[in-house]
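Worksheet: one structure, shown below.
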Amino acid sequence: MAINYELHQHEDVARIFRALSEPSRLTLIHCLADGPHRVGELSAHLGLSQSTVSAHLALLKVAGLVAATPDGRATLYRLAHPGLDDLLHAGERLVTPGEQDPAHQGHHNDTPLTPIGDTGSMGRRSTGEAALKGPVVSA
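Numbering (this note's numbering), first residue to last: 865 to 1003.
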């Protein structure tokens, strides 16, 4: 039996998982699975500063996981791939098969986020490219 996997495909997948390797970014994916939102809305919902949320979204955007659309003076962010939330749920099932991870309960606000029309100031965004190009850690 021959093994025929191409390394470059695994590098691309590893880059995606690096982008998802921070709990706040996973929470953002959950929020964006409900629909597009502005940084201010996400910031208020997660209890993080707008600059922190902007930096996380920028990294997810560089990874191709979220897309941004101008909305007046603000920007609407949405998932770039509809199956991304399913991937997150699959990871949660790996942690605690058959039930929700107890550590997940109460860890972040699981209440669905509805757009509130925030047009407040936007935080400074970084591209996050360096974080995505980091080394892959293997066990």
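Ideal placement from N, C-alpha and C gives every residue a C-beta, glycine not left out.
All values derive from a computational prediction rather than experimental measurement.
Between residue i and residue j, what straight-line distance do the alpha-carbon atoms span, to the nearest angstrom?
i, j, result
"Arg988", "Leu952", "Low confidence applies here, because Arg988 scores a pLDDT of 37, under 50, leaving its location unreliable; read the following figure in that light. Going by the C-alpha atoms only, they are around 27 Å apart."
"Leu948", "Ala938", "24 Å"
"Leu885", "Leu923", "The question names Leu, but residue 885 in the sequence shown is Ser. Straight-line Cα distance between these residues: approximately 11 Å."
"His971", "Gly899", "Only weak support exists for where His971 lies, its pLDDT of 45 falling under 50; the value from the coordinates is given anyway. Distance between the alpha carbons of His971 and Gly899 is about 21 Å."
"Pro946", "Gly904", "23 Å"
Among the options, whose alpha-carbon lies nearest the alpha-carbon of residue i?
i, options, result
"Gly936", "Arg902, Thr891 and Leu884", "Arg902"
"Leu896", "Ser915, His874 and Asp950", "Asp950"
With a Cβ-Cβ cutoff of 8 Å, do residue i and residue j count as a contact?
i, j, result
"Ala919", "Val930", "no"
"Arg879", "Ala954", "no"
"Thr891", "Leu910", "yes"
"Leu921", "Tyr941", "yes"
#### Entry: Those runs of the alpha helix (DSSP H) which lie wholly inside the region 899 to 962 and span at least 4 residues
903 to 910, 914 to 926 and 948 to 959
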